[in-house]
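K.L.:
Shown below is the structure under consideration.
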Amino acid sequence: MRFSEILFPNFCPVCSLGMEIGQEICPECKEKIEKLVNLNPPKILSGGYLLGEHFAFYYEDAVKKSIANYKFQKQIGIHKFYKTYFDRAFQKVSEIFDYDFVMAVPVSDATLVKRGFDQSKILLSDLNIENKKKIKNIIKKKNNVKSQHLLSKSERKKNVKDAFYLGKSFDIQNKNIILIDDIRTTGYTANEVAKILIKQGKAKQIFLLTLARASE
30 MRFSEILFPN FCPVCSLGME IGQEICPECK EKIEKLVNLN PPKILSGGYL
80 LGEHFAFYYE DAVKKSIANY KFQKQIGIHK FYKTYFDRAF QKVSEIFDYD
130 FVMAVPVSDA TLVKRGFDQS KILLSDLNIE NKKKIKNIIK KKNNVKSQHL
180 LSKSERKKNV KDAFYLGKSF DIQNKNIILI DDIRTTGYTA NEVAKILIKQ
230 GKAKQIFLLT LARASE
């Protein structure tokens, strides 16, 4: 072991085992995660306020664990590993959807203070596109909304109803927007945000892109 590895140990953000300085993830976890890459094309949806959806990974096993560590154990470095895959998924969406802006599903101010970061905004910031196409703080989330991962499917739908509202004034009328989120489970959260953007912001079409998607 090198002296630098003793002073500044590097641990895998998924399995927490030690690894070489400079590595973002250990080879074993990298292999597990790459097996969960979504190779399908973006999907057009029927019903609801979302035109379509796409995702980089299936929300299973090592991916599920890594995102949990990312959000709740503050293993923020994992986003560097995911960046290439997420940007690749974004490019697939941009090939079929002529977008004007990209924005992230927000966390509440209370969650931001508690967690210290907004995982979806980090995904947005990582995208290799013009900054003028990245818009922030249009949608705000109320502080009294419970965390979705603690609720049943029926409870999740009720929980996000009227959970979001328009924040700062920004003209999105007749604009196409790619909506960014970390996980898509039931789709209720993204659909609720899309509803606000379309009904109140007068946006044209909304396409959802997530880092991972849970199986139905």
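In the working numbering, the protein residues as written are 30 to 245. Even glycine gets a Cβ: it sits at the ideal position worked out from N, Cα and C.
1. Whole alpha helix (DSSP H) runs in the stretch 90-123 with 4 or more residues, listed along the chain?
2. Mind checking N220: buried by the 16 CB within 10 Å criterion, or exposed?
3. Using a 10 Å radius around the Cβ and a threshold of 16 neighbouring Cβ atoms, would you call V92 buried or exposed?
4. Which residues mark the beginning and the end of the beta strand (DSSP E) in which N205 is found?
5. The alpha helix (DSSP H) spanning I62 covers which residue range?
6. According to the Cβ coordinates, are G47 and P38 closer than 8 Å?
7. From L152, E89, R242 and P135, pick the residue whose C-alpha is nearest to that of G216; which is it?
8. Between which residues of its own chain and C58 is the CB-CB distance below 6 Å, once the five residues before and five after are set aside?
9. What does a CB cutoff of less than 6 Å around K182 pick up in its chain, not counting 5 residues either side in sequence?
10. Specify, as a first and last residue, the run of the beta strand (DSSP E) that E82 falls within.
11. Identify every residue that forms a DSSP beta bridge with L237.
12. Going by the DSSP bridge assignment, what does V66 pair with across the sheet?
13. Would the beta-carbon of Y78 be found less than 7 Å away from any heavy atom of the ligand PLP?
14. Helix or strand or just coil, what does DSSP make of I73?
15. Suppose the cutoff is 6 Å on Cβ atoms and the five residues either side in sequence are ignored; what does the same chain contact list for Y114 look like?
16. Quick one: what's got a C-beta closer than 8 Å to S149's C-beta in the same chain, skipping five residues either side?
17. Please report the residue range of the beta strand (DSSP E) in which V131 lies.
18. Can you name the residues that DSSP bridges to K169?
19. Identify, in the order they occur along the chain, each residue of the same chain with its Cβ nearer than 7 Å to the Cβ of Y88, setting aside the five sequence neighbours on each side.
P.N.:
In brief:
1. 90-101
2. buried
3. It is buried - the Cβ of V92 has at least 16 other Cβ atoms within 10 Å.
4. Element bounds for N205: N205 to R213.
5. Note, I62: alpha helix (DSSP H), P56 to E63.
6. The Cβ atoms of G47 and P38 sit closer than 8 Å to each other.
7. Of the candidates L152, E89, R242 and P135, the one whose C-alpha sits nearest the C-alpha of G216 is R242.
8. C41, V43, C44 and A91
9. T215
10. G81 to Y87
11. Note: L237 sits in a beta bridge opposite E82 and L208.
12. F86
13. Of ligands this structure carries none, so the ligand PLP is not represented either.
14. strand
15. A85
16. A133, V134, P135, V136, I209, D210 and D211
17. F130 to A133
18. According to DSSP, which records beta bridges pairwise, K169 is partnered with Y194.
19. Closer than 7 Å at the Cβ level, and outside the excluded window around Y88, lie I212, A241, R242 and A243.
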